[in-house]
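Just so you know, we're using the numbering used here here: the sequence shown kicks off at 36 and counts up by one.
For glycine and all other residues, C-beta sits at the position ideal for the given N, C-alpha and C.
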Amino acid sequence: MDTVIALIVQLIAGGVGGNVLGQLVKGTNMGTTGNSIAGAIGGVVATWLAGMIPGLDGLVGAAMPAATATGDAMASTGGPGLGALVGQGVTGLVGGGILTAIAGLVKNNMMKS
């Protein structure tokens with residue numbers, strides 16, 4: 036259940052980041068559905084990558100499911116703490132925006148060709 040909550044936070048934050056960036060930077064806009072899908076994927080991937088980088092793994096509270104077996108903060112509190120969820124949300128927001136920007140630029144440049 037703890038992993039599900041973290042995943043939901045990452046998906047929602049990524050979708051929000053994708054939609055915000057898509058609306059702010061018109062050259063990257065793929066529509067609400069496209070921005071949401073790219074953002075959600077970007078949010079999960081960015082949080083996963085942040086969990087693998089030393090120094091940033093503490094930001095996301097070791098969001099990987101295997102982390103609970105290592106005795107880290109998630110295991111000791113019985114679930115992800117508020118700080119870990121905020122870190123995952125911020126990382127998901129940024130990652131969602133980045134992937135939406137990349138996908139939107141590629142899509143829109145291919146449409147011009």
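inquiry  = If I measure Cβ to Cβ from Val-55 and keep anything under 6 Å in the same chain, skipping five residues before and after, which residues do I get?
reply    = The count along the sequence shown starts at 1 and reaches residue 55 at position 20. Excluding residues within five positions, none has a Cβ falling inside 6 Å.
ask   = Can you tell me whether Gly-66 is buried or exposed, with buried defined as 16 or more other CB within 10 angstroms of its CB?
value = Residue 66 sits at position 31 when you count from the first residue of the sequence shown. Result: exposed.
message = Whole angstroms are fine: how far does the CA of Val-79 sit from the CA of Leu-42?
response = By 1-based counting over the sequence shown, the position of residue 42 is 7. By 1-based counting over the sequence shown, the position of residue 79 is 44. Rounded to whole angstroms, Leu-42 to Val-79 spans 7 Å at the Cα level.
request  = Along the alpha helix (DSSP H) that carries Ser-71, what are the first and last residues, could you check?
outcome  = By one-based count along the sequence shown, residue 71 stands at place 36. 66 to 87 is the extent of the alpha helix (DSSP H) around Ser-71.
inquiry  = Buried or exposed, going by whether 16 or more other CB atoms sit within 10 Å of the CB of Val-141?
reply    = Here residue 141 refers to the residue found at position 106 when the sequence shown is read from its first residue. The residue in question, Val-141, is exposed, as its Cβ has fewer than 16 Cβ neighbours within 10 Å.
request  = Could you name the residues of the same chain whose beta carbon sits closer than 7 Å to that of Val-129, not counting the 5 residues immediately before and after it, in chain order?
outcome  = Along the sequence shown, one-based indexing puts residue 129 at 94. Counting only Cβ-Cβ distances below 7 Å, and skipping sequence neighbours, we find Gly-52 and Ala-81.
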